[in-house]
Every structure is written in C-alpha cells, then in structure tokens.
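Notes follow once the structure below has been shown.
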Amino acid sequence: MTAIITLATLTVVTVALAPGLAELARMREEQTNPIRQLRVPTRRSQAEALHPSASFHGA
C-alpha cells in the first residue's frame, strides 16, 4: 500500500512541476536568444503606433 501511495505522489508531483520547469527553461533560453535582443519593432507595435485608439483585445 505504501508503494502505491509513494508512486502516486511522485506521479502527481512530476505532472504538476514538469510544465512549470519547462516554461522556466524556455524563458531562460528566450532571454539569451540574440534574435530577441535586437529589439526589432513588431507588426503589432507598429499598428498600435499608427492607430493608438485601436484595441487588439477582442473584437
């Protein structure tokens, strides 16, 4: 019985933590990505600059 509880606990903890750890790794990799550090304006920021009253949060 103890082995089943231990296995279930490990499974739940792994399933709960794996996506968070993967996201942290992705964020860290993204910070060191030289392409992201170029600070090139995006199409969205250009559109917002042209039409500041336009809302892109739902239609």
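The number in the numbering used here is simply the position in the sequence shown, starting from 1, with 1268 added. Even glycine gets a Cβ: it sits at the ideal position worked out from N, Cα and C.
Since residue i is in the alpha helix (DSSP H), which residue starts that stretch and which ends it?
i     : result
Q1305 : Element bounds for Q1305: n/a, residue is neither H nor E.
Looking only at its chain, what residues have a beta carbon closer than 8 angstroms to the beta carbon of residue i, apart from the 5 residues adjacent to it on each side?
i     : result
E1298 : R1304
L1275 : none
Q1314 : none
Using a Cβ-Cβ cut-off of 6 angstroms (strictly less than) and excluding sequence neighbours within five positions of residue i, which residues of its own chain qualify?
i     : result
A1327 : Low local confidence applies: a pLDDT of 49 at A1327 is under 50, so the model's placement there is unreliable, with the coordinate-based value given in what follows. For A1327, where only same-chain residues beyond five positions count, there are no Cβ hits under 6 angstroms.
L1318 : none
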